[in-house]
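In what follows, a structure is listed as structure tokens, so that the remarks can point back to it.
Protein chains in written order, with the numbering used here: chain X, 1 to 554; chain P, 1001 to 1185.
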């Protein structure tokens, strides 16, 4: 098989015969340039006014003077230069330093006439920081801007909108409050801009925190990328993972492009959680009831209400409301059942304090976000530090009524403003297209962190498959590392794990994400009295329902 | 126009004949010079060199010379460009090896790869030529002469947007050829 070559590389390799073909195949210079060159040649000759005979070898070619030729072209020669001077000038004029040419070139406009110039369309891209160290898109944008595509991207950094010092001492509670208040001001400004078309492209963390991308999308801030992609004849949507993209679509519309994604799930040891993936709430309760005394629901061994909530459901709270339809289901029997279950754990009158815990307490499940094939391997690897026995794991997911336990979460989302005009939207898409190309998305596992996305599974199919093919290269080899001070063999990804991971991705039928900042704070506020033991599960669910409805409908 | 017609024209009317020679070979000369000065000289350097090549030819070409004009003018262009490259490199205090001064020749070691690349270039250029104007010019201007769509637009008399669109469509037409030759964009 031939080595793949870039088209430029092939053209640039052209030698003698090919150069002739190139010259024959195209118009090399504009008519104006051609005439300019010819004018310069004839004027050179006039100035030289050569009268000498040459019969030697010049530049490797045997030549002989034909006086009639020179005479013909020197008819209008000024005849002031001496033979010696001209002869010397001819031999040594150095090609680059020909003064007559310089004089003449000043008469030739180098600038493209005004009417021919069409400026690049400037696209504004919302980011948090314009700083090279804090803006992972800077390099990609620089590259995009250097291309001849008619567009140029300029950053709008929301860091600049932050009213105070961003570098506050996070350990000081008062400072932290100020920090987050100020950050909220930035997010408000970002939201206002998103809904008024102040930028053409945006990344998901442009406002400095987890902004409500979904809420903005539902409010019509972002354009449907499926429509824009369809305009691009050069793009084959099949190059991206159609299954994953479909999970982020709403009524066939795709309001943001995840450059990558990860699997959000929970794992449990089969001896406690069983071996059924995607368990229901009742199945989870059944397994919990069989756990030994002193067990915990989740990692860390905590047994308080808050930590049980955190382990059991917090990262799947988005399942109970929908920005697009306005539907809120915190008053559903399913959610109330969760709270009733949590009600069985210790209330925390002092708030969200960390109670004493037993690290070695048996755990029903633990958090298992899977950011790649290595993450899948880690989630199912049977050896634990300091343990002699082999542990068998099952990815049970979040307990749910319909058994749809795990979800696909987006990484490095990009959206295009619905308020930009068609040309701007198309330009924004061209940039996104580059970010989801194989060249940008393929990376050597664990090495190339400059790829987009730097973590997670790439949305580009070819990059995904290539990474998958390489993931199990060290199967069977030991992989020693240290955890909790104990040297442990963490193993390497196996081909079977790669296949199982692919199957898992294809089997997941929903997308989801961690709560945005607004929802995160609001739900915490409504849940806190419940965690303290001040209100019942039903009261808490009703409060959550009202609060979230008001956010969604605002 | 054939070499004999040009020679005849030069003999009968040097001014007219020389103009015909320029019309016939300016693209060829420009292409050779551009290729040699790629990555070293500016556009201005290339143009100066082209002017110089024709000035030399004007002075030294003998219309009674029986060899091919193309071979003659090609050799002058090559040698002039190499000299200029040396001159530019000296200006920038850069030492240039003799190898760099020549249009690269395939080494023994890479002979097969070089030949394969050359084959690919030939086939690609032929296929581009088959696209017809203005597409062939757009593709070659973009990928050989590395010009942007504004500059190409000026050459083919189109807006840069139209150039980009034609380029995109032309590449689509070339897609199967590119795939066959294992060439990517």
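In this text, a Cβ means the ideal position worked out from N, Cα and C, and glycines have one as well.
Check, Outcome
"Expected contact under 8 Å - CB spacing of residue 1020 of chain P and residue 1053 of chain P to nearest Å", "16 Å between Cβ atoms; not a contact."
"Delimiting residues of the alpha helix (DSSP H) encompassing residue 529 of chain X", "517-532"
"Span of the alpha helix (DSSP H), counted from its first residue to its last, around residue 337 of chain X", "333-342"
"Amino acids of chain P, ordered along the chain, whose beta-carbon sits closer than 9 Å to that of residue 5 of chain X", "1117, 1120, 1181, 1182, 1183, 1184"
"Residues that residue 10 of chain X contacts on chain P, provided the C-beta gap is smaller than 7 Å", "1117, 1120, 1121, 1124, 1183"
"Simplified DSSP assignment, three categories, for residue 460 of chain X", "strand"
"Under 8 Å by beta carbon: chain P residues contacting residue 200 of chain X", "None at all; the shortest Cβ gap to chain P is about 18 Å."
"Residue nearest to residue 246 of chain X in terms of C-alpha spacing, selected from X:523, X:532, X:511", "X:511"
"Contact check, residue 299 of chain X vs residue 367 of chain X, beta carbons under 8 Å", "yes"
"N-terminal and C-terminal residue of the alpha helix (DSSP H) that residue 381 of chain X is part of", "From DSSP, residue 381 of chain X is part of no alpha helix (DSSP H); its letter is neither H nor E."
"Three-state secondary structure (DSSP) of residue 186 of chain X", "helix"
"Residue 1040 of chain P, DSSP secondary structure in three states", "coil"
"Best match in X:545, X:202, X:190 for proximity to residue 424 of chain X [C-alpha to C-alpha]", "X:202"
"Beta-carbon proximity of residue 1185 of chain P to residue 7 of chain X, cut-off 8 Å", "yes"
"Span of the alpha helix (DSSP H) around residue 307 of chain X", "305-312"
"Spatial distance of residue 1060 of chain P from residue 1146 of chain P (CA atoms)", "33 Å"
"The stretch 1049-1063 of chain P: positions lying closer than 8 Å to chain X by Cβ", "1049, 1050, 1051, 1052, 1054, 1055, 1056, 1058, 1059, 1060, 1061, 1062, 1063"
"Within-8 Å CB hit, residue 1102 of chain P to chain X", "Caution applies to residue 1102 of chain P, whose pLDDT of 48 falls short of 50 and renders its modelled position unreliable; the value that the coordinates give is listed next. It does not; no Cβ of chain X falls within 8 Å."
"Proximity test, Cβ basis, 8 Å: residue 95 of chain X and chain P", "Interpretation of residue 95 of chain X is limited by its pLDDT of 31, a score under 50 that renders its predicted location unreliable; no figure is taken from the coordinates."
"CA-to-CA distance, residue 1046 of chain P to residue 1207 of chain P, given in whole angstroms", "In the structure displayed, chain P extends from 1001 to 1185; residue 1207 of chain P sits before or after that span and is not available."
"Near-chain X residues of the stretch 1001-1024 of chain P (beta-carbon distance less than 9 Å), N- to C-terminal order", "1010, 1011, 1013, 1014, 1015, 1016, 1017, 1018, 1019, 1022, 1023"
"For residue 472 of chain X and residue 413 of chain X, the rounded distance between their alpha carbons", "28 Å"
"contact_flag[the stretch 520-533 of chain X, the stretch 335-347 of chain X] where n(CB pairs < 8 Å) is 3 or more", "yes"
"Bounding residues of the beta strand (DSSP E) (the contiguous stretch that carries residue 261 of chain X)", "257-264"
"As assigned by DSSP and simplified to three states, the class of residue 152 of chain X", "strand"
"Neighbourhood of residue 1181 of chain P by C-beta distance below 7 Å, restricted to the same chain and skipping five residues each side", "1120, 1123, 1124"
"Helix, strand or coil at residue 505 of chain X according to DSSP, with G and I counted as helix", "helix"
"is_contact[residue 15 of chain X, chain P] using C-beta, thresh 8 Å", "yes"
"Contact with chain X by residue 1177 of chain P, beta-carbon distance below 8 Å", "no"
"Spatial distance of residue 1168 of chain P from residue 432 of chain X (CA atoms)", "18 Å"
"Euclidean distance between Cα positions of residue 324 of chain X and residue 18 of chain X", "59 Å"
"Top-ranked residue by Cα proximity to residue 1157 of chain P, from X:492, X:30, X:223", "X:30"
"Euclidean distance between Cα positions of residue 1039 of chain P and residue 1088 of chain P", "11 Å"
"Burial state of residue 1115 of chain P (16 or more Cβ within 10 Å)", "exposed"
"Contact with chain A by residue 1089 of chain P, beta-carbon distance below 8 Å", "Of the protein chains in this structure, namely X and P, none is chain A."
"Chain X contact for residue 1038 of chain P (CB, 8 Å cutoff)", "yes"
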